[in-house]
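Protein chains in written order, with this note's numbering: chain A, 11 to 125; chain B, 773 to 882. Worksheet: the structure to be examined is printed underneath.
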Amino acid sequence: GAVVSQHPSWVICKSGTSVKIECRSLDFQATTMFWYRQFPKQSLMLMATSNEGSKATYEQGVEKDKFLINHASLTLSTLTVTSAHPEDSSFYICSASPDPYYGYTFGSGTRLTVV
Amino acid sequence: GIQVEQSPPDLILQEGANSTLRCNFSDSVNNLQWFHQNPWGQLINLFYIPSGTKQNGRLSATTVATERYSLLYISSSQTTDSGVYFCAVVLDNYGQNFVFGPGTRLSVLP
């Protein structure tokens, strides 16, 4: 159990376009999901906390107008990178848990390349 | 601020060797997990271990919460163990999100 599905696995887009990444909890409901970003050969950094039915909470330094998060249902959170630029190229990963006491599961990640 | 340290940063082993990876954290925790990130980027949950000892096959982990460290043991390493191992903690006063350590990059040579 506790499967988190993330799509797409990889995407290449042109500068100035927007890209949407989906994170789904397949066998549980998640009122909270987390979005992380990982640059090459670096660790994961929390970008934002996605809350079902309310606004996301962004970490310091993350532009909320650039990284739009929508958590419209208990099983789906989306991250939209708006007006993407090459510096937004990164690996984006989401996570969620049916019960934080038992640990978190991560999606398989999305590798975004902006050209 | 929050500090999560991992050592060593890099480790090269011959297949069959054993290793110990360490994670130190600066405050009390209510959640600690070890992850393996494979070459394709996927994070595999190895252990949820805020305290105590757990074993799963060739892997085992021990967390001594009072001394603020955790150890991941890999025995009889295989080439498929290669990748980056992350320790991630949730500190008691910082909500549910993880703070990741910098990782240990393991290369197991045939």
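Glycine included, every Cβ here is placed at the ideal spot set by N, Cα and C.
Best match in the options for proximity to residue i [C-alpha to C-alpha]
| i | options | result |
| --- | --- | --- |
| threonine 30 (chain A) | A:Asn80, A:Ala66 and A:Tyr112 | According to the sequence shown, residue 30 (chain A) is lysine rather than threonine. Residue A:Asn80 is the option with its Cα nearest to lysine 30 (chain A). |
| threonine 85 (chain A) | A:Val125, A:Tyr112 and A:Cys33 | A:Cys33 |
| glycine 873 (chain B) | B:Ser847, B:Leu881, B:Ala860 and B:Pro882 | B:Ala860 |
| glycine 788 (chain B) | B:Leu863, B:Ser842, B:Arg877 and B:Gln850 | B:Gln850 |
| glutamate 97 (chain A) | A:Asp75, A:Val125 and A:Ala66 | A:Val125 |
| arginine 110 (chain A) | B:Val801, B:Pro781 and B:Ser842 | Reading off the sequence, residue 110 (chain A) comes out as proline, not arginine. Comparing Cα positions, the closest option is B:Val801. |
| phenylalanine 77 (chain A) | A:Glu69, A:Ser87 and A:Thr92 | A:Thr92 |
| alanine 58 (chain A) | A:Ser87, A:Ala66 and A:Phe38 | A:Ala66 |
| arginine 121 (chain A) | A:Lys24, A:Phe49 and A:Val14 | A:Phe49 |
| leucine 831 (chain B) | B:Tyr841, B:Gly813 and B:Tyr857 | B:Tyr857 |
| glycine 71 (chain A) | A:Ser83, A:Glu62, A:Ala82 and A:Leu56 | A:Leu56 |
| histidine 95 (chain A) | A:Gln16, A:Cys23, A:Glu73 and A:Ser19 | A:Cys23 |
| valine 21 (chain A) | A:Thr90, A:Pro108 and A:Ala106 | A:Thr90 |
| aspartate 853 (chain B) | B:Val776, B:Val836 and B:His808 | B:His808 |
| glutamine 16 (chain A) | A:Ser107, A:Tyr102, A:Thr123 and A:Pro108 | A:Tyr102 |
| lysine 74 (chain A) | A:Glu62, A:Trp45 and A:Lys51 | A:Trp45 |
| serine 64 (chain A) | A:Cys104, A:Met43, A:Pro108 and A:Thr123 | A:Met43 |
| serine 19 (chain A) | B:Gly813, B:Glu839 and B:Leu804 | B:Gly813 |
Where residue i meets chain B, residues with beta-carbon distance less than 7 Å
| i | result |
| --- | --- |
| isoleucine 103 (chain A) | Leu815 |
| serine 118 (chain A) | Gln814 |
| threonine 59 (chain A) | Asn869 |
Assumed close pair residue i, residue j - CB separation to whole angstroms, cut-off 8 Å
| i | j | result |
| --- | --- | --- |
| isoleucine 774 (chain B) | serine 791 (chain B) | Wrong, their Cβ atoms sit about 26 Å apart, outside the cutoff. |
| arginine 47 (chain A) | serine 118 (chain A) | The Cβ separation is near 15 Å, so there is no contact. |
| alanine 833 (chain B) | leucine 844 (chain B) | 5 Å |
| arginine 887 (chain B) | proline 781 (chain B) | With chain B running from 773 to 882 in the structure shown, residue 887 (chain B) is simply not present. |
| glycine 875 (chain B) | glutamine 778 (chain B) | 6 Å |
| serine 842 (chain B) | cysteine 795 (chain B) | 4 Å |
| cysteine 104 (chain A) | valine 14 (chain A) | 7 Å |
Buried or exposed (CB count within 10 angstroms, at least 16 for buried), residue i
| i | result |
| --- | --- |
| serine 40 (chain A) | According to the sequence displayed, residue 40 (chain A) carries alanine and not serine. Looking at its Cβ environment, which holds 16 or more other Cβ atoms inside 10 Å, alanine 40 (chain A) is buried. |
| phenylalanine 870 (chain B) | buried |
| serine 60 (chain A) | buried |
| threonine 27 (chain A) | exposed |
| isoleucine 888 (chain B) | Shown here, chain B extends from 773 to 882; a query on residue 888 (chain B) therefore has no answer. |
| leucine 36 (chain A) | exposed |
| asparagine 828 (chain B) | exposed |
| tryptophan 806 (chain B) | buried |
| serine 83 (chain A) | exposed |
| threonine 87 (chain A) | The identity of residue 87 (chain A) in the sequence shown is serine, whereas the question assumes threonine. Serine 87 (chain A) comes out buried. |
| serine 107 (chain A) | buried |
Chain A contact residues for residue i, given Cβ-Cβ distances below 9 Å
| i | result |
| --- | --- |
| phenylalanine 870 (chain B) | Phe44, Tyr46, Leu54, Leu56, Ser105 and Tyr114 |
| asparagine 810 (chain B) | Per Cβ cutoff of 9 Å: no residues; asparagine 810 (chain B) is ~10 Å from chain A at best. |
| glutamine 805 (chain B) | Gly113 and Tyr114 |
| phenylalanine 797 (chain B) | In chain order: nothing, as chain A lies at least about 14 Å away. |
Contact set between residue i and chain A, taken where Cβ atoms lie within less than 7 Å
| i | result |
| --- | --- |
| tyrosine 820 (chain B) | Tyr112 and Gly113 |
| glycine 873 (chain B) | Ser53 |
| glutamine 827 (chain B) | What glutamine 827 (chain B) touches in chain A: nothing, since even the nearest Cβ is about 16 Å away. |
Where residue i meets chain B, residues with beta-carbon distance less than 8 Å
| i | result |
| --- | --- |
| arginine 34 (chain A) | Neighbours of arginine 34 (chain A) on chain B: none; closest Cβ ~16 Å, over 8 Å. |
Chain-ordered chain B contacts of residue i [CB-CB under 9 Å]
| i | result |
| --- | --- |
| threonine 85 (chain A) | Those within 9 Å of threonine 85 (chain A) in chain B number zero; the least Cβ separation is about 18 Å. |
Any non-hydrogen atom of the ligand NAP closer than 7 Å to residue i Cβ
| i | result |
| --- | --- |
| leucine 84 (chain A) | By its list of ligands, the structure shown contains no ligand whatsoever, and the ligand NAP lies outside what it can speak to. |
Given 8 Å, three or more beta-carbon pairs between the region 814-832 of chain B and the region 102-115 of chain A: yes
Sufficient close CB pairs (3 or more, under 8 Å) joining the region 777-787 of chain B to the region 874-881 of chain B: yes
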